[in-house]
Every structure is written in C-alpha cells, then in structure tokens.
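Undergrad: Numbering (UniProt numbering), first residue to last: 1 to 535. The C-beta atom is built at its ideal place from N, Cα and C for all residues, glycine as well. Bear in mind that the values here come from a model prediction, so they are computed numbers and not experimental data.
1. With a CB to CB cut of under 7 angstroms and the five nearest residues on each side skipped, what residues in its chain are close to residue 347?
2. Beta-carbon within less than 8 angstroms of residue 323's beta-carbon, same chain only, minus the 5 sequence neighbours each way: which residues are those?
3. What residue ranges within the region 443 to 500 form continuous beta strand (DSSP E) runs of no fewer than 3 residues, ordered along the chain?
4. Within the continuous alpha helix (DSSP H) that includes residue 49, where are the two ends?
5. Rounding to the nearest angstrom, what Cα-Cα distance links residue 287 and residue 256 in this structure?
6. Hey, which unbroken runs of the beta strand (DSSP E) at 3 residues or more fall wholly within the region 236 to 311?
7. By DSSP, does residue 502 sit in helix, in strand, or in coil?
8. Does residue 374 come out as helix, strand or coil in the three-state DSSP assignment?
9. In the DSSP assignment, find the beta strand (DSSP E) that holds residue 402 and state where it starts and stops.
10. In angstroms, rounded to a whole number, what distance separates the CA positions of residue 276 and residue 264?
11. Keeping to the same chain, check which residues put their C-beta closer than 6 angstroms to that of residue 99; ignore five residues upstream and five downstream.
12. Hey, how far is the Cα of residue 116 from the Cα of residue 431?
13. For residue 163, does the count of other Cβ atoms within 10 angstroms reach 16, so buried, or fall short, so exposed?
14. Is the closest heavy atom of the ligand FMN to the C-beta of residue 84 under 6 angstroms?
15. At what residues does the beta strand (DSSP E) containing residue 37 begin and finish?
16. Among 429, 498, 381, which has the Cα closest to the Cα of residue 390?
17. Please determine if the region 379 to 399 and the region 440 to 455 are in contact, where contact requires at least 3 C-beta pairs separated by less than 8 angstroms.
18. Would you kindly check if the distance between the Cβ of residue 291 and the Cβ of residue 283 is under 7 angstroms?
19. Are the CB atoms of residue 194 and residue 258 nearer to each other than 7 angstroms?
20. Are there three or more Cβ pairs, one per stretch, closer than 8 angstroms when the region 90 to 97 is compared with the region 48 to 58?
21. Hey, quick one: how far does the beta strand (DSSP E) through residue 142 stretch, first residue to last?
22. Once DSSP output is grouped into helix, strand and coil, what is the label at residue 438?
23. Report the residue from 446, 65, 180, 14 whose alpha carbon sits nearest the alpha carbon of residue 142.
24. Out of 439, 420, 413, which has the shortest C-alpha to C-alpha gap to residue 480?
25. For the region 471 to 480 against the region 349 to 369, are there 3 or more C-beta pairs whose distance is under 8 angstroms?
26. Taking the alpha helix (DSSP H) that residue 433 falls in, what are its first and last residues?
27. Hey, how far is the Cα of residue 490 from the Cα of residue 422?
28. Taking its Cβ as the centre, do 16 or more other Cβ atoms sit within 10 Å of residue 243, making it buried, or is it exposed?
29. Taking the straight line between their C-alpha atoms, what separation do you get for residue 109 and residue 127?
30. Considering only C-alpha positions, which residue in the set 64, 415, 208, 314 is nearest to residue 165?
31. Helix or strand or just coil, what does DSSP make of residue 367?
32. With distances taken from CA atoms, which of 151, 366, 382 is nearest residue 375?
33. If the criterion is Cβ atoms closer than 7 angstroms, does the pair residue 261 and residue 303 meet it?
34. Okay, do the region 39 to 46 and the region 23 to 30 touch, 3+ Cβ pairs below 8 angstroms being the bar?
35. Measuring straight from C-alpha to C-alpha, what distance separates residue 146 and residue 190?
36. Look at the alpha carbon of residue 509 and the alpha carbon of residue 477, and state the distance between them as a whole number of angstroms.
Put into structure tokens, the structure is as follows:
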C-alpha cells in the first residue's frame, strides 16, 4: 500500500473513531478531509468521507445537504474495496426518510442496508439498521414484528461487545424503544427485564445524559402500566428536562412521538403546553416542518382555552402558512428522495454490470474457452501454492499428466471439429471422475489433474476409471494403431513433497512417465516409481 493511500485511510479512520466516541465534527475538519481525499485520488475512501459529511449535516439538521452527500457516498463506495461501508450510507438515507415520516421509503433503504451487511457479514451495522427498522415497525403499529427485530438487535449488540460510547448510547436508546413496544403488547415481564438492562448499562454520566429522554419515556410507560401515575409524571418531567437540554431534537423523533402520545392520552394540558413550549422553537430552528405542524396542531386542539384571541389567530396563521409551504417542500423532498433512489438504483445496476464483466474477464483469464477447465496460466499459480501446502502439512500430492493417443491422425482424418469433440469428451470425463480435484487443460490435447491428500491407491484407481470412461464415448479414430476409437495415455505421480523437491520435479515425473508409457504402449496408465531421478 502506498504511503499516500495509507494516509487517506488513516484520515477516514480518525473520523470514524471521532463518530464512535461521540465527538462532534467541525465543518472545517470535514472540508480538510474532503480536499485531501478526493474522488480522483481514491473513490472508495472519498465515499467514506462523504458519509461523515452527511452525518455532520444530519446532526446539524440540514437534511438536504445530508442527502446530497449520501448520494455522493453511495456512488463512490459501490464497486470499491470500501463497499462494506455502503450499508451505513443506505441506513442514513433510511433515517432521513424516517424523519420525514416517509416510512415505506425508509424501510426500502433499511432493506438495502441489510443486504450489504449480509454481503460483508457486518454484524454491528446490521444491528443498527435492524434497530432502525424496528423503530419504523413500531411507529406504524406492527409491534410483534418490531419486537422480533429488537430482540435480534439486542443479541447481536451483546455478542459484539462494542464498548464505544456511540454504540452504548445507541444500545440504550434501542432498549428503551424495545421496552415501550413490549408494553404495547402487554408483555410486562419482558419489559421489566429491559428495565434491569437499562439500570446495568446506565453507569456513565455521558451515556445517561444522551439517553435520558428515551429512557425516561420508557420509565413513564412502565410506571403507568404498574398504576404509579405520580411516578410516571415525574419521569415525564425528567423527559422534558432532557428535551430542554438538547440542541437538536429531530434525531429523537421516536421518543418524542411516544412522549406526546402519552401526555395527550393522560390529558395533562399543563404538561403538554410545557412540552410544546420546549419543542416548538427547536423544531423551528431545525426547520423540521412535519414536527412543527404536529406541535402546532396539538397546541390549537388542546391549549386554545389558555390562549388569547390574538395568540390563537397568530398560531392558526402560522399553522396554515407552514402547512402550505410544507406541503410544497415535502413534495419536493419526496421527489428528490425518489430521484435519489432512482439514481442509486442506476449506480447499483452499473456496478452489477461492471462486476459481471470483471468476473467474466477473470473467468476467461483462468479457464480454457473450449472445455471450461482451468488453463495453464491458472495451473501454474495453483501448483506453486498447493505444493508448498502439501510440503508444510506432509500431505500427498498426486499429479496425472495425460494426452489423447493419435490425436494428429484424428484431426487429419475427421477434421478439427471432431478433434474438438474428442477434447471436450476428455474434459467432461475428467470433471465426472475428479469432481473435487483440480483439472486443467495444459495445451492442445494435454490435460493435468492435481490431487491433494489422496493416497496412491485412490489416484491409481481413478486414473484407470478415466481411461475406461474415455473409451465409453466410442469416438471414432480409425487411423489409431491401438483401437478404432479415441483413447488416452496417463502418466502419474503421488508422493509427499520433501526438501529439496520443487513442484517442477513432480510435473517432470508425471510428464516423463507419460512419455515412457506412450513409447511402450499407448492407452495405458503408468506411475512414477523412481527414488531420485525426478523427485
């Protein structure tokens, strides 16, 4: 790896660690990273930096810029050695759609993210995505499916043992949402187990502070289910205090919805008004119009008796103004999200086509076009590796060298088409007799079989089966001086490689044994018996 690329990777890892430690980014830091790690210098690592830029914009409430950097991130990550990270980008697109209450699009993006976590066995990110998917199921009221997702997430989080602050915060938030979901299904005993886990994981002041809203919303529902109304009210107040301390609330959408649902259900207008007074200015600063509309609607519905005529009129005008502009903006956002989805699908399709082409070229570079067997180029690389492995582990290495008897006469009499038929017949028989061994076309009418861990008896028996199998095709070869149909001759060797053996010693042993057999009598099998001539 070049020093230059190593430095770019280190830049990405520093930003990743900063995220894991819960340390906020500055835009200056990200700008420096983006100017250093450009797409031209390294497309994949640039895609990772774009993801961190998207995270910054999501954290500061700029969803439009967040989506633009996510678009760039996915496009650059796909098809590179950094593609494992694309699941995180798809997950964040799902989060933005989730925050815009576009749950069907969110679920689609979460599904794409899960596909890539499965492809790369990324269990930690898989847990995070599944947690977000569980939240979406919870919001639409599919509680049983949400519970299944939460349970799988919890198992994976606990098994992974990631002790970073970022992961522990996410874990506690997920536990809180899981607990609320259980209570909706009247699964009180399991909810108490969640309560115990929250107590166990609430040891750090920073983690408690960052999860105070989610945890207290769950504690509210738990106290209510036990009939402790005063205790529930105390937890609501704790949740409100947590809201007051937050600089941005959009990321706490699910917990806020649970809190509003509880207060609305209990009819505590004074408490509801306190929550609205806290949330409205924050939602306005973040330009979270959907949340702001919901809050204004609750204020007009439940708090109008406490409002003056002028306050009511002003709130109503604000509501309809935001609603009108919001509908237009949300329509544009939906169109943008749909266009983004379309572009990303096109990028994925292009990457799939490129992968197919690469795989095809790789296959062609390693396989013989006529027979589909490995070619000589691939064979040479394989032999070097397998020889060293057999020598190290003291395993037998078996090699069969074979060619077609009187092949020139076959071509001269019947034409090259019949010659190709004979070559394919040998290849098909080799595939059938040696399905788990390495078989290659060495060139022309010559073939090679490489076996590891097979004893001499196995290798000799299968060499005889090969000769018999070729005869069964009854491919005419009337100019053969041996038999009136196609036959082969085989030279073999089977031994444990030892110093000072080299792989070419084994090849020479098999090749020369074949040559000696053909001089004596074609159509037969002979194995190398020497002690030092070739080995």
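TA: On the basis of the supplied data:
1. 74, 75, 78
2. 293
3. 446 to 452, 488 to 495
4. 43 to 59
5. 16 angstroms
6. none
7. coil
8. strand
9. 397 to 404
10. 12 angstroms
11. 250, 253
12. 34 angstroms
13. exposed
14. Ligands displayed in this structure: none; no statement on the ligand FMN is therefore possible.
15. Per DSSP, residue 37 belongs to no beta strand (DSSP E) and is neither H nor E.
16. 498
17. yes
18. yes
19. no
20. yes
21. Premise fails: residue 142 is in no beta strand (DSSP E) and is neither H nor E.
22. strand
23. 180
24. 413
25. no
26. 416 to 433
27. 16 angstroms
28. buried
29. 15 angstroms
30. 208
31. strand
32. 366
33. no
34. no
35. 14 angstroms
36. 29 angstroms
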